[in-house]
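Numbering (the numbering used here), first residue to last: 326 to 621.
Structure record follows, encoded as C-alpha cells.
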C-alpha cells in the first residue's frame, strides 16, 4: 500500500533494502570475534550487499571503542578485533532507496552501555507517529541513556533518508530540543542513539577512508577524470571507500579531487575524551497508524 507521498514501488524498494540489510548485518555481527580483521568483516558485508541488492549506501562502518562513526578499513588494513566495543553501521540501497542500521557487538565487558543505546532506540520508536515532535523524541533518548548513568553523544543525530541521499531532514537529535519538526506520514528516518561513558561529544580524527561527490564539475587530469566518471556512474552522491578502486594511482586521484573540492572526505569521528561509544539504529517509515520498521 502507498504510504503518504510514497508510492507502492518506492515503499517496496525501501522494504527490499531493509530485508537485505537485516540479513547482512546479522551475518556480519556473528563474524566479530577476537583475531578476525576489520577488513574481513567489511569486505564480506559489502560483497553480500552487492550480491543481494543494488549496492552499498555507504562503506561498512566498523567503529571501535572511542570511535563513533566514519571508521572503515583501508585496502591493506590488518587490524584485528580484540577486547573491543565494536559498532557495525551498514547501509543498503535498492535503486537509490536506502536502509541504514547499526548494532554494537561488545567484546569489552561493558554490556550496560550497549543496553542503554538499545533501550533508547526502543523508547524513541515507541514515540514515533505522525505529529511526533523530533525534539521530544530526542528528549526520550537522552532520558533513557542518562538513566543508565551514561551520556548521549550530543553532536550526532538521526536523520532522514531519501533516494541517493543517506542524510537528509528531518534530524532526530539524541537530546531534548525545543526546536525541531513534527514527523509526517511518508517520512523515512534513521533513528540512531549513541551512548558514551565520556563527555558526550565527538571530534574529527586524522584517519579518512570515506568520500563522496559534492561538487560535480570537469577536471583536466586524466586519472582524476576517470575516477570521477566511475563515481558518477556507480555511486552518484552516495559515500564510497577509497579501497573500492583498484590501483595505487587511485589514491592520488582521490586526493587531487578532494583538494579541488570535488570530493568530500569523512574523517573518523571520535569521542573527545577517548571514552567508549555504543550505538543502535533502525530505519523506519512513518505511517498513518504509527511506523513500519524496515530494518528489524
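Beta carbons: idealized from backbone N, C-alpha and C, even for Gly.
Remember, it's a predicted structure, so these values are computed and weren't measured experimentally.
Exposed unless 16 or more other CB atoms sit within 10 angstroms - verdict on residue i
i           : result
residue 539 : exposed
residue 391 : buried
residue 404 : exposed
residue 441 : buried
residue 528 : exposed
residue 361 : exposed
residue 372 : exposed
residue 559 : exposed
residue 524 : exposed
residue 585 : exposed
residue 444 : buried
residue 359 : exposed
residue 543 : exposed
residue 397 : buried
residue 505 : buried
residue 613 : exposed
residue 409 : buried
Delimiting residues of the beta strand (DSSP E) encompassing residue i
i           : result
residue 532 : 527 to 538
residue 423 : 422 to 431
residue 616 : 615 to 618
residue 603 : 602 to 604
residue 521 : 519 to 521
residue 515 : 513 to 516
residue 611 : 607 to 612
Residues bridged to residue i [DSSP beta-bridge criterion]
i           : result
residue 595 : 392, 528
residue 418 : 380, 423
residue 490 : 487
residue 356 : In the DSSP output, where bridge partners are listed per residue, residue 356 has none listed.
residue 495 : Its beta-bridge partners do not exist; DSSP assigns none.
residue 477 : 520
residue 410 : 431
residue 565 : 536
residue 589 : 537
residue 331 : 328
Beta-carbon proximity check, residue i vs residue j, cutoff 9 angstroms
i           : j           : result
residue 389 : residue 363 : yes
residue 411 : residue 385 : no
residue 457 : residue 343 : no
residue 374 : residue 381 : yes
residue 533 : residue 418 : no
residue 567 : residue 535 : yes
residue 300 : residue 463 : Any property of residue 300 remains undetermined from this structure, which presents the chain solely from 326 to 621.
residue 428 : residue 481 : no
residue 421 : residue 563 : yes
residue 603 : residue 438 : yes
residue 333 : residue 450 : no
residue 610 : residue 512 : yes
residue 519 : residue 378 : no
Length of the line joining the Cα atoms of residue i and residue j
i           : j           : result
residue 578 : residue 468 : 46 angstroms
residue 600 : residue 521 : 7 angstroms
residue 454 : residue 510 : 8 angstroms
residue 416 : residue 546 : 32 angstroms
residue 329 : residue 496 : 19 angstroms
residue 596 : residue 433 : 17 angstroms
residue 526 : residue 478 : 5 angstroms
residue 572 : residue 554 : 16 angstroms
residue 605 : residue 549 : 37 angstroms
residue 589 : residue 574 : 18 angstroms
residue 531 : residue 347 : 31 angstroms
residue 448 : residue 516 : 11 angstroms
residue 618 : residue 499 : 19 angstroms
residue 492 : residue 407 : 31 angstroms
residue 355 : residue 413 : 11 angstroms
residue 338 : residue 488 : 10 angstroms
residue 466 : residue 582 : 39 angstroms
residue 426 : residue 341 : 14 angstroms
residue 615 : residue 502 : 22 angstroms
residue 541 : residue 345 : 30 angstroms
residue 570 : residue 376 : 18 angstroms
Continuous alpha helix (DSSP H) stretch holding residue i: start and end
i           : result
residue 365 : 363 to 377
residue 549 : 547 to 559
residue 447 : 436 to 452
residue 469 : 459 to 472
residue 455 : No alpha helix (DSSP H) contains residue 455, which DSSP labels as neither H nor E.
residue 575 : 574 to 584
Min CB distance residue i to chain B below 9 angstroms
i           : result
residue 472 : Given the protein chain composition of this structure (a single chain), no chain B is represented.
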